Amino acid sequence: MATILDGKVLAASIRLKLREEAALLPRRPGIAVILVGDDPASQLYVKNKAKDCEECGFLSRRIDLPDTVSEEEILGILNKLNAETIYDGVLVQLPLPAHISEKRVIEAIAPEKDVDAFHPLNVGRMVRGDSVIWPCTPAGIGALLDAYDISADGKVCVMVGRSNIVGKPMGLLLLRRHGTVIYCHRHTPDLAAMTRQADILVVAAGQPRLISGSMVKPGATVIDVAMNRDAETGRFTGDVCFDEVSEKAAFITPVPGGVGPMTRAMLMQNVLTLAKLHMGLL
Ligand code: ADP
Numbered sequence: 002m003a004t005i006l007d008g009k010v011l012a013a014s015i016r017l018k019l020r021e022e023a024a025l026l027p028r029r030p031g032i033a034v035i036l037v038g039d040d041p042a043s044q045l046y047v048k049n050k051a052k053d054c055e056e057c058g059f060l061s062r063r064i065d066l067p068d069t070v071s072e073e074e075i076l077g078i079l080n081k082l083n084a085e086t087i088y089d090g091v092l093v094q095l096p097l098p099a100h101i102s103e104k105r106v107i108e109a110i111a112p113e114k115d116v117d118a119f120h121p122l123n124v125g126r127m128v129r130g131d132s133v134i135w136p137c138t139p140a141g142i143g144a145l146l147d148a149y150d151i152s153a154d155g156k157v158c159v160m161v162g163r164s165n166i167v168g169k170p171m172g173l174l175l176l177r178r179h180g181t182v183i184y185c186h187r188h189t190p191d192l193a194a195m196t197r198q199a200d201i202l203v204v205a206a207g208q209p210r211l212i213s214g215s216m217v218k219p220g221a222t223v224i225d226v227a228m229n230r231d232a233e234t235g236r237f238t239g240d241v242c243f244d245e246v247s248e249k250a251a252f253i254t255p256v257p258g259g260v261g262p263m264t265r266a267m268l269m270q271n272v273l274t275l276a277k278l279h280m281g282l283l
């Protein structure tokens, strides 16, 4: 039976540490979050972000905009937030309504306040291997691997999914940690042949039960990023058949309680890092 990688417990201890660190700073770290429309999932994410900020002793401001808002209005608000020194981080909750270009909005966030690390300048730094902050989900997985002393050095690391938010940067992070990285996606002809090679398997495809026990190498570390809502039970499941895979793997993340809480904790960590940068402390 695999060891469970407990993201919930680790995230709570990280928040405590961040609170202690923040209390020593000359001013509170701050973040401004823009939410467009009333998508329930996005509402919940933004609410959680405010709660996490409170727990860490950070300043947070939420800006709610109707889904009829124009792109120009959002860009105008971002311009103002970029200039306000009390906010170290500026975040626009994705996805945005179809009439707004996510690309243009992301590019309008000042790179030094881009707490999600989605701006092309920060993506470029990430590819080069010298970025200060990483997107929250890969950063959270990295912290989880560290906490359980799981090294990627010399290991075969297989990503299932190549999104800009999860799969792609996750592979870059593991490459930086000296892993041999393989990216799989919808066009991969024999997924099982790839996943069976993985010492570290990171799955972010949004496909329930995509990874069965027979697709996993004995002793592997299996990271399940997905949060799929089961229409019948309303419960969240990942992409990995947990019962089967936990019999073979050495380490596995639960869903929920694995990657999700770590992603949240890393947003707070990124706010603190940017705050320290702005205060000349890094
Ligand atoms: P996220 O934002 O969680 O990373 P996306 O929906 O943006 O998720 O991306 C899903 C990724 O998963 C894509 O890269 C896609 O190619 C990959 N994917 C989806 N289904 C499969 C599958 N059956 N086999 C392999 N890869 C898949």
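According to this note's numbering, the sequence shown is numbered sequentially starting from 2. Ideal Cβ positions, reconstructed from N, Cα and C, are used throughout, including at glycine. Fair warning: this is a prediction, and the values are worked out from it, not measured in the lab.
Do Thr238 and Asp231 have their C-beta atoms within less than 8 Å of each other? Indexing the sequence shown from 1 puts residue 238 at position 237. Indexing the sequence shown from 1 puts residue 231 at position 230. Pairing Thr238 with Asp231 gives a Cβ-Cβ distance under 8 Å.
Chain B beta carbons: is any one of them nearer than 8 Å to that of Asp131?
Absent from the structure is chain B; it holds one protein chain and no more.
Subject >> Straight-line gap, Ala109 to Thr4 (C-alpha atoms, nearest Å) >> reply: To locate residue 109, count along the sequence shown from 1; it is residue 108. To locate residue 4, count along the sequence shown from 1; it is residue 3. Between Ala109 and Thr4, the alpha-carbon positions lie close to 42 Å from each other.
Note to self: Rounding to the nearest angstrom, what Cα-Cα distance links Gly1 and Cys158 in this structure?
What the structure shows: Nothing about residue 1 can be read from this structure; the chain reaches only from 2 to 283.
Leaving out the 5 sequence neighbours to the left and right, which residues in its chain are closer than 8 Å to Ile209 when beta-carbon positions are compared? Counting from 1 along the sequence shown, the entry for residue 209 is found at position 208. Note that residue 209 is Pro in the sequence shown, not Ile. Taken in chain order, the residues that qualify are Ala227, Asn229, Asp231, Thr238, Gly239, Asp240.
Any heavy atom of the ligand ADP closer than 7 Å to the CB of Val161? Taking the first residue of the sequence shown as position 1, residue 161 is located at position 160. Under cutoff, so the answer is yes.
Exercise for the section: Could you round the C-beta distance between Gly58 and Arg105 to whole angstroms and report it? I think they count as a contact, below 8 Å. Expected result: Start at 1 with the first residue of the sequence shown, and residue 58 comes out as number 57. Start at 1 with the first residue of the sequence shown, and residue 105 comes out as number 104. No, Gly58 and Arg105 are not in contact; Cβ-Cβ is about 33 Å, not under 8 Å.
Enclosing alpha helix (DSSP H) for Pro256 [first to last residue]
Position 255 of the sequence shown, counted from the start, is the residue given in the question as residue 256. Residue identity differs from the one stated: residue 256 is Val in this sequence, not Pro. For Val256, no alpha helix (DSSP H) encloses it, and the DSSP letter there is neither H nor E.
Is it true that the CB of Ile201 sits closer than 8 Å to the CB of Ala153? For the purposes of this step, residue 153 is identified with residue 152 of the sequence shown, where counting begins at 1. For the purposes of this step, residue 201 is identified with residue 200 of the sequence shown, where counting begins at 1. Taking a C-beta distance under 8 Å as the contact criterion, Ala153 and Ile201 qualify as a contact pair.
inquiry  = For Gly8, tell me which candidate among Leu173, Gly258, Ile101 has the shortest Cα-Cα distance.
reply    = The sequence position of residue 8 within the sequence shown is 7, counting from 1. When only C-alpha atoms are compared, the closest one is Gly258.
Nonlocal neighbours in the same chain, by C-beta distance under 7 Å from Ile166, ignoring five residues either side:
Taking the sequence shown and counting its residues from 1, the one referred to as residue 166 is at position 165. If we look at Ile166 and ignore the five residues flanking it on each side, its Cβ neighbours are Pro136, Thr138.
request  = Kindly indicate which three-state DSSP category Ala193 falls into: helix, strand or coil?
outcome  = Within the sequence shown, the letter at position 192 stands for residue 193. Three-state result, Ala193: helix.
**Prompt:** What residue ranges within the segment 110–188 form continuous beta strand (DSSP E) runs of no fewer than 3 residues, ordered along the chain?
**Reply:** Taking only runs of at least 3 residues, the beta strand (DSSP E) segments lying wholly in the segment 110–188 are 157–161, 181–185.
- Within this structure, are the beta carbons of Met269 and Leu19 separated by less than 8 Å? By one-based count along the sequence shown, residue 269 stands at place 268. By one-based count along the sequence shown, residue 19 stands at place 18. A contact, by the Cβ cut-off of 8 Å.
- Query: Straight-line CA distance for Pro170 to Glu233?
  - Reply: Here residue 170 is taken as the residue at index 169 of the sequence shown, counted from 1. Here residue 233 is taken as the residue at index 232 of the sequence shown, counted from 1. Pro170 and Glu233 have their C-alpha atoms spaced approximately 33 Å apart.
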